[in-house]
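According to this note's numbering, the sequence shown is numbered sequentially starting from 21.
Note sheet for the following structure.
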Amino acid sequence: MTRVFSGVKPTGHLTLGNYLGAMRQWAAVDQHEADAVFCIVDLHGMTVDHDPARLRRLTRQAATLLLAAGLDPELCTVFVQSHVDEHARLSYVLECVATDGEMRRMIQYKDKSARERARGGSVRLSLLTYPVLMAADILAYGAGEVPVGDDQAQHVELARDLAVRFNQRYGHTFVVPKATLPRVAARVMNLQEPTSKMGKSDDSGPGIVYLLDEPDVVRRKVLRAVTDSGREVVYDREGRPGVANLLEILAACTGGNPESLASVHQSYGALKKDTAEAVIEALGPVQARHKELCADPGYVEEVLRHGAEKARAMARPTVDTAYRAIGLLPPVAEPALNAAR
Ligand code: AMP
Ligand code: TRP
């Protein structure tokens with residue numbers, strides 16, 4: 021059975037982009053068809069300025085929302101990255117395989133570091149090395165498939181390159197992974213700025229639908245979405261990004277396709293109304309389940325404890341093999357006490 025691995029960063033409240041681009045697929049397909057492992061990647065949450073208490077809170081909230089979105093611990097493994105040491109252990113080894121030039125070419129690094137510098141801030145070294153840690157997340161589990169949104173495709177490609185390079189130099193150790201993207205909504209755009217991604221750590225609140233937004237808030241945000249000039253509803257990502265984004269969101273929520281949905285809407289107003297209602301309907305069950313789970317924090321903790329135990333057992337042998345292959349001397353096992361007596 022294929023091993024599938026994916027993760028979400030607890031850097032802000034989860035959004036409709038996270039849900040349609042990734043989580044929904046994990047719950048509806050991956051956990052049923054594959055040996056699926058899902059991780060709240062808290063170490064990745066420290067690559068930009070962070071507040072410790074907020075990171076802890078968002079980590080717990082992300083775990084609760086993954087379960088609320090339908091991940092079932094009987095079918096898949098759900099855990100927190102920092103609970104399993106193997107990620108950091110392997111990341112260092114992969115830093116000895118990756119190159120500085122490769123890291124500096126990553127689009128997300130270029131964007132985020134430029135933004136940080138423009139603000140007069142400093143850039144954490146971990147922002148540069150973060151794709152290596154992400155590669156470690158994937159390779160430690162022998163994952164063949166990595167279901168992500170479009171923005172992560174370049175990082176998965178890097179994980180692939182590092183796996184191939186390591187295997188060539190030091191002997192076959194890693195499964196070579198590939199990204200799998202959703203059919204629609206692989207990149208949900210900000211409703212106020214339809215040429216940029218709807219990202220949870222961005223500041224533009226009115227353009228971001230959060231998974232826990234109340235129906236009235238969702239309705240307001242969608243109805244106020246920026247649309248393009250023109251009146252006819254056509255699906256054209258380049259020319260009409262605002263309308264195309266709404267059509268994709270509607271298609272993802274209703275299972276339709278953006279082209280045919282364009283032809284059944286006579287006006288932008290009608291499209292917005294239908295999209296708002298479809299989003300509210302999609303989020304309703306997630307919000308209801310989230311509320312139930314919040315009333316039982318012990319359950320979520322137990323899921324994470326058990327998940328980390330399972331994850332450790334999966335990752336340890338591969339990471340040990342990589343340590344041996346690259347030339348690190350195995351520690352001498354302690355002599356069994358009983359045998360010595
Ligand atoms: P992140 O929030 O960056 O940790 O992303 C978690 C997952 O959600 C990754 O697979 C992302 O590719 C996906 N994702 C995040 N934002 C969006 C978006 N606006 N549209 C589609 N997928 C997204
Ligand atoms: N970097 C991913 C993001 O920002 C999150 C992530 C970390 C991830 N490790 C991963 C996704 C491993 C897939 C596989 O969305």
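By construction, the Cβ of each residue, glycine as well, lies at the ideal position given by its N, Cα and C atoms.
Per DSSP, residue i forms a beta bridge with which residues?
| i | result |
| --- | --- |
| Y150 | Partner(s): none; Y150 has no beta bridge. |
| A73 | Answer is none; A73 lacks a bridge partner. |
| T200 | P167 |
| S26 | F58 |
| T97 | V57 |
Figure out for me which residue from the options has the closest Cα to the Cα of residue i.
| i | options | result |
| --- | --- | --- |
| A149 | S111, I127, E177, E136 | Residue identity check: residue 149 is Thr in the sequence provided, not Ala. Out of S111, I127, E177, E136, S111 has the C-alpha closest to the C-alpha of T149. |
| V195 | E136, L182, L231 | L182 |
| V229 | E258, E279, N265 | N265 |
| V113 | L159, G65, P214 | L159 |
| I127 | E177, G90, D105, A163 | E177 |
| G276 | E322, R260, D69, V204 | V204 |
| R336 | V117, G141, D157 | D157 |
| L201 | R344, E213, M209, E165 | E165 |
| H33 | L85, L348, S142 | L85 |
| C59 | A82, A290, P151 | A82 |
| R144 | D69, P214, L91 | D69 |
| V242 | S146, S142, L267 | L267 |
| R185 | Y129, A245, D171, V117 | V117 |
| E321 | V100, D71, P261 | V100 |
| M123 | P151, A308, D92 | P151 |
| H175 | T193, A163, Y161, A155 | A155 |
Measuring CB to CB, does residue i end up less than 8 Å from residue j?
| i | j | result |
| --- | --- | --- |
| A296 | V339 | no |
| V61 | V24 | no |
| A108 | V306 | no |
| S26 | P167 | yes |
| L303 | L211 | no |
| K220 | T35 | yes |
| A328 | V104 | yes |
| M209 | K217 | yes |
| K132 | L147 | yes |
| T247 | Y288 | yes |
So for residue i, helix, strand or coil by DSSP?
| i | result |
| --- | --- |
| T35 | strand |
| D55 | strand |
| K217 | strand |
| M363 | Absent from the model: residue 363. The displayed extent of the chain is 21 to 361, so no value can be given. |
| Y230 | strand |
| N277 | coil |
| H192 | coil |
| S142 | coil |
Can you confirm whether residue i, when its beta carbon is compared against all beta carbons of chain C, has any partner nearer than 8 Å?
| i | result |
| --- | --- |
| V246 | Although the question refers to chain C, the structure presented lacks it and comprises just one protein chain. |
So does the region 84 to 97 actually touch the region 125 to 140, counting three or more Cβ pairs closer than 8 Å?
no
For the region 316 to 336 and the region 250 to 263, state whether three or more C-beta atom pairs, one from each stretch, are separated by less than 8 Å.
no
How do the region 40 to 49 and the region 69 to 78 stand: do at least 3 beta-carbon pairs fall below 8 Å, yes or no?
no
Any chance the region 34 to 42 sits against the region 268 to 284, with 3 or more Cβ pairs inside 8 Å?
yes
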